[in-house]
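Structure, as structure tokens:
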Amino acid sequence: MNVRGPLSTDEIRSFLAEATIPVRLACQTPSGTLWMVSLWYRCRSAGDDAADWVLQCATGTDADVVAFLREHEGVAFEISSNHPPYRGVRGRGTAAIEPDPEKETLRDLLERYLGGTDSPLARNLLREDREEVTITIDPAVVSTWDYTDRMGRDE
């Protein structure tokens, strides 16, 4: 993975672990147009090197983004704060789709974003008849930014 910007690998991993904002995921449709979707994510280690990580998202098997990614695995993504001081991680890479019959990724994301699985939304998403997949984003190039120092100063 090629990393550019002011954040170290540890700072990137920390930001991704702490930020409970969706990843904005861009992909290509079969007709060649661009598509963007926001999804909950989790960051996971990828291999023995601490610098290697992937993002994982959960969605229904029949979601448009799943069909699009099956045609074209190339993606771009961004996870950035919505309020000053702005900081974030963006990049490009590839996405892989795997079935998640036990909804393990979804359960983990419900805990991360909602604090549990005991809500109407969680119960609906965890329905037995709903088929779920995990989208794994493997970054190739990552850029970071952090305007904390610049935006935090009185001028």
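Mapping the sequence shown onto our numbering, position 122 (from 1) lands on 122, and the numbers just tick up by one. Don't be surprised by glycine CBs; every beta carbon is placed ideally from N, CA and C.
Top-ranked residue by Cα proximity to residue i, from the options
i, options, result
"G5", "T144, D149, T148", "T144"
"Y113", "A63, P99, E11, A17", "A17"
"A19", "N82, T33, G74", "N82"
"A63", "R130, P139, D149", "R130"
"L186", "R87, A51, E102, E98", "The displayed coordinates of the chain run from 1 to 155. Any statement about residue 186 would go beyond what the structure contains."
"E71", "Q56, P85, T33, R150", "T33"
"E104", "L121, T59, Y86, P120", "T59"
"E102", "P139, V37, L125", "L125"
"S14", "C57, I79, V65, V37", "I79"
Beta-carbon gap between residue i and residue j smaller than 7 Å
i, j, result
"W53", "C43", "yes"
"T136", "A96", "yes"
"N2", "V89", "no"
"F77", "V133", "no"
"A46", "T9", "no"
"R87", "D149", "no"
"V66", "V37", "no"
Residue i - DSSP class collapsed to helix/strand/coil
i, result
"L69", "helix"
"L39", "strand"
"S8", "coil"
"T144", "strand"
"R90", "strand"
"R13", "helix"
"E131", "coil"
"A19", "coil"
"P99", "strand"
"T105", "helix"
"L180", "The requested residue 180 does not occur in the structure, where the chain is confined to residues 1 to 155."
"R153", "Model confidence at R153 stands at a pLDDT of 49, short of 50, so the residue's coordinates are unreliable and nothing is read from them."
Buried versus exposed, by CB contacts within 10 Å (16 or more), residue i
i, result
"G93", "buried"
"L7", "buried"
"L25", "buried"
"P30", "exposed"
"L121", "exposed"
"P139", "buried"
Nearest-angstrom Cβ-Cβ length linking residue i and residue j, presumed shorter than 8 Å
i, j, result
"L106", "D100", "7 Å"
"Q28", "G91", "Not a contact, Cβ separation roughly 16 Å."
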